[in-house]
Amino acid sequence: MAISRLSSRSNTFLKPAITALHSPIRRHVSTDTSPITIETAVPFTSHLCESPSRSVETSSEEILAFFRDMARMRRMEIAADSLYKAKLIRGFCHLYDGQEALAVGMEAAITKKDAIITSYRDHCTFIGRGGKLVDAFSELMGRKTGCSHGKGGSMHFYKKDASFYGGHGIVGAQIPLGCGLAFAQKYKKDEAVTFVLYGDGAANQGQLFEALNIAALWDLPAILVCENNHYGMGTATWRSAKSPAYFKRGDYVPGLKVDGMDALAVKQACKFAKEHALKNGPIILEMDTYRYHGHSMSDPGSTYRTRDEISGVRQVRDPIERVRKLLLSHDIATEKELKDMEKEIRKEVDDAVAQAKESPVPDSSELFTNMYVKDCGVESFGADRKDLKVTLP
Amino acid sequence: MAALLGRSCRKLGFLSSGHGARRSVSTETGKSLNLYSAINQALHIALDSDPRSFVFGEDVGFGGVFRCTTGLAERFGKNRVFNTPLCEQGIVGFGIGLAAMGNRAIVEIQFADYIYPAFDQIVNEAAKFRYRSGNQFNCGGLTIRAPYGAVGHGGHYHSQSPEAFFCHVPGIKVVIPRSPREAKGLLLSCIRDPNPVVFFEPKWLYRQAVEEVPEHDYMIPLSEAEVIREGNDITLVGWGAQLTIMEQACLEAEKEGISCELIDLKTLLPWDKETVEASVKKTGRLLISHEAPITGGFGAEISATILERCFLKLEAPVSRICGLDTPFPLVFEPFYMPTKNKILDAIKTTVNY
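Protein chains in written order, with the numbering used here: chain R, 69 to 461; chain E, -11 to 341.
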């Protein structure tokens, strides 16, 4: 739990009594933007650089937004779970619940000009980048109105106008790609950075080290974020990595270890990393996080870890509960207000699901579109070149 | 969805392997096993019979994501059956090194779609090792196993059929079994073959295909194709899971009076040209079917070779019913796949040419 030190400015109305619940002069669910400073529960550990301060500048509005966004993401993932079990979502579905703090904390520190690229656990990252719930559900169910027009599915969400480069199936392949994005940003003098997300499993891919070398050599504004949820599918980190200190594996690249379940710590680290990357080149952020679901919907998630472990993390480190406690202890909202907010979000998600269910499946001609650019005149052949023959658009 | 319904015909149990003097295991009985159990048995036998053999890959320790390696770590120990980190290039390279020291390295790549980081190792290292060292060294003990092929909902990265890429590499062998009994015998042959082999297992059949598999150690020879159904009007050539679909098409064609000869290639590189040639010289027509996209697929090689050898005997152009020239799609899988009806259509067109 965070030890809070309220800034004096924001509390001129209220008496210091925390029992504001009973006070006749009550604050509304706060949209106060005056600064609050909160200290992170866990300190940062650094490699080859200074740690950022544990005191995070935030505001009531921001913390409330964290709560709302994380609750929305959590609800979306749970809805996706039910849809998968109802066979409305087919294929593979990798859920992010438990890791929401990463998505919202990162967004709080950056702009939509900064790029994000990740692997297949991308639903919440998409929402964080401003994606709409109905677009996400449509894509999951393979409908035309999905963010990738129904052709990508769960693992391939993209959002160009928010610089979200997706959504990749082969782990580790997105890392050199992300460094390329960073190079383009540096070249265009955008003052923007790229956050390249990968997991503890992918951290053993050779591509990561190739990309790190290039990024460091050319001082690219690339921030490599290792989402360490401690299990690469079913393999614990201590079984797959000689050095599970992923933030140190960059060797000559500085790194920071962050409590990934604390949205404020994530925000602080990303802010620090962005400043660093723009001045000094690449940096690694290791986010210590946890996923409640298994690797994917085909994985019960309990054959390689105990149910006690999962419920233990849920009780002690859950990102949404943490923010809820903050909101309550700082008197930014009451329990009832938060519960009402969650009810609203639930309805929002249900409405989005219903709307997505109504949308049509893409037309079969879409099978051949977007392979090449127009006017290549390439023909795509079907069986024996007679019946099914299409000149690609 | 339609693909599911079409494929559910496979649940009726595996269609029996037909007549053919070559196969002595064909009439033996054994236990009823599915594909992953047959492969598991083969691995148990391989590790038992050669103390210098190893099985490794991602998640093989607990049995693997398809349960092919169940029980191996418990029986042979963690020094011979072990998990690797997530690095295909590293895994295969490591396997080549182990094989170069005279061991049998049985490598598992979790899905054939993930084999590409290891492509350089396979093509440039494994395939050419014996050649460039003038036979001083070799990595013949290397066998790479990977599940391949469509599964109904696999999408872009869990359904690919990359066999054509590997058939283009002199120096390795490519083998694809069609059923549990075949898989066990072929895998044992691959492991014991003194050349590096890539063994693709049709993942759709892991649970769906059930057959009587003899319990003892037996090997099915490589580079020998098998005529699994005899006929006179047209020759069909395929491998792996696609053969069940082709067999269904043959049955339907028979109702219309067309007698089809179906050949299981088994080994794609080096492939049994003689058997296919003899068959086409008898029937005069050829149809090839595979899940991989048609352009540059292995069917093209078969077509060109048969054309060279049987030109004057051919009554109709060689027909290829394959996947479409698109990335393996998500929702469009039923359109993409070479289904029974597409094959039946082509059989009729070819016969009536």
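Backbone N, C-alpha and C define an ideal beta-carbon position, used for all residues, glycine too.
These figures come from a predicted structure and were not determined experimentally.
{"query": "Looking at the C-beta of E/Arg10, does it have a partner C-beta in chain R at a distance below 8 Å?", "result": "Unreliable positioning characterises E/Arg10 in this predicted model, as indicated by a pLDDT of 39, which lies under 50. A coordinate reading is not provided."}
{"query": "When the Cα atoms are used, what is the spatial distance from E/Pro184 to R/Glu168?", "result": "46 Å"}
{"query": "Below 8 Å between beta carbons: does that hold for R/Ile351 and R/Gly323?", "result": "yes"}
{"query": "What distance in whole Å lies between the Cβ atoms of E/Lys191 and E/Tyr136, which are believed to be in contact at a cut-off of 8 Å?", "result": "7 Å"}
{"query": "Considering only residues of the same chain and omitting the five flanking positions on each side of E/Lys342, which have a CB-CB separation below 6 Å?", "result": "Shown here, chain E extends from -11 to 341; a query on residue 342 of chain E therefore has no answer."}
{"query": "Which word fits R/His344, buried or exposed, when buried means at least 16 other C-beta atoms lie within 10 angstroms of its C-beta?", "result": "buried"}
{"query": "Measuring alpha carbon to alpha carbon, tell me which residue in E/Leu257, E/Pro305 and E/Ala229 is nearest E/Ser149.", "result": "E/Ala229"}
{"query": "Ignore the nearest five residues each way along the sequence and tell me which others in E/Pro315's own chain have a CB closer than 8 Å to its CB.", "result": "His144"}
{"query": "Just to confirm the assignment, what range does the beta strand (DSSP E) spanning R/Ser127 have?", "result": "Ser123 to Ser127"}
{"query": "Let me know the secondary structure DSSP gives E/Gly228 once reduced to three states.", "result": "coil"}
{"query": "Could you list which residues in chain E have their beta carbon closer than 7 Å to that of R/Ser187, in chain order?", "result": "Simply none; closest approach about 11 Å."}
{"query": "Assign R/Met144 to one of three DSSP states: helix, strand, or coil.", "result": "helix"}
{"query": "Helix, strand or coil for R/Arg359? Go by DSSP, reduced to three states.", "result": "coil"}
{"query": "Check whether chain R comes within 8 Å of E/Gln148, counting only Cβ atoms and requiring the distance to be less than that.", "result": "no"}
{"query": "Note down, one range per segment and in chain order, each alpha helix (DSSP H) of at least 4 residues found wholly within the segment 282 to 310 of chain R.", "result": "305 to 308"}
{"query": "Would you call the segment 186 to 204 of chain E in contact with the segment 14 to 28 of chain E, where contact means no fewer than 3 C-beta pairs closer than 8 Å?", "result": "yes"}
{"query": "Quick one: residues in its chain with C-beta nearer than 6 Å to the C-beta of E/Ala9, no 5 flanking neighbours on either side, listed in chain order?", "result": "Since pLDDT at E/Ala9 reaches only 34, below the 50 mark, its modelled position is unreliable, and the value read off the structure follows with that caveat. None."}
{"query": "Alpha carbons only, please: which of R/Val110, R/Glu129 and R/Asp137 is nearest the one belonging to R/Glu410?", "result": "R/Asp137"}
{"query": "Could you please give the first and the last residue of the uninterrupted alpha helix (DSSP H) stretch that includes E/Asn28?", "result": "Leu23 to Ser37"}
{"query": "I need the DSSP call for R/Pro103, collapsed to helix, strand or coil.", "result": "strand"}
{"query": "Could I get the ranges of all uninterrupted alpha helix (DSSP H) runs contained in the segment 216 to 259 of chain R, with 4 residues as the minimum, in chain order?", "result": "242 to 255"}
{"query": "Give me, in chain order, the residues of the same chain whose beta-carbon lies closer than 6 Å to that of R/Ser206; leave out the 5 immediate sequence neighbours on both sides.", "result": "Thr213, Gly214, Ala424 and Ser427"}
{"query": "When the Cα atoms are used, what is the spatial distance from R/Arg143 to E/Asp313?", "result": "39 Å"}
{"query": "Can you give me the Cβ contacts of E/Thr343 inside the same chain, cut-off strictly under 7 Å, excluding the 5 residues immediately before and after it?", "result": "Residue numbering for chain E in the displayed model covers -11 to 341; residue 343 of chain E lies beyond these limits and cannot be assessed."}
{"query": "Do you know offhand how far E/Gly85's Cα is from R/Leu276's?", "result": "23 Å"}
{"query": "Would you list the one or two residues that DSSP bridges to E/Asn71?", "result": "E/Gly45"}
{"query": "What three-state label does DSSP hand R/Phe205 in the structure shown?", "result": "helix"}
{"query": "Compare the C-beta of R/Ala270 with all C-beta atoms of chain E and state if any pair is closer than 8 Å.", "result": "yes"}
{"query": "Tell me which residue opens and which closes the beta strand (DSSP E) that R/Asp182 is part of.", "result": "First-last for R/Asp182: undefined, no H or E at that position."}
{"query": "Name the DSSP bridge partner or partners of R/Val441?", "result": "DSSP, once it has assigned bridges, lists no residue as partnering R/Val441."}
{"query": "Can you give the Cα-Cα distance for E/Val225 and E/Ile251, rounded to whole angstroms?", "result": "5 Å"}
{"query": "Does DSSP classify R/Ser91 as helix, strand or coil?", "result": "Note that R/Ser91 has pLDDT 44, beneath the 50 cutoff, so the model's placement of it is unreliable and no number is given."}
{"query": "Could you tell me which chain E residues have their CB closer than 7 Å to the CB of R/Phe436, listed as they occur along the chain?", "result": "Thr314"}
{"query": "What residues of chain R sit near E/His363, judged by a beta carbon separation below 9 Å?", "result": "Any property of residue 363 of chain E remains undetermined from this structure, which presents chain E solely from -11 to 341."}
{"query": "Using a beta-carbon distance cut-off of less than 9 Å, what residues from the segment 28 to 49 of chain E approach chain R?", "result": "Glu46, Asp47 and Gly49"}
{"query": "Name the two residues that bound the continuous beta strand (DSSP E) containing R/Thr113.", "result": "Thr113 to His115"}
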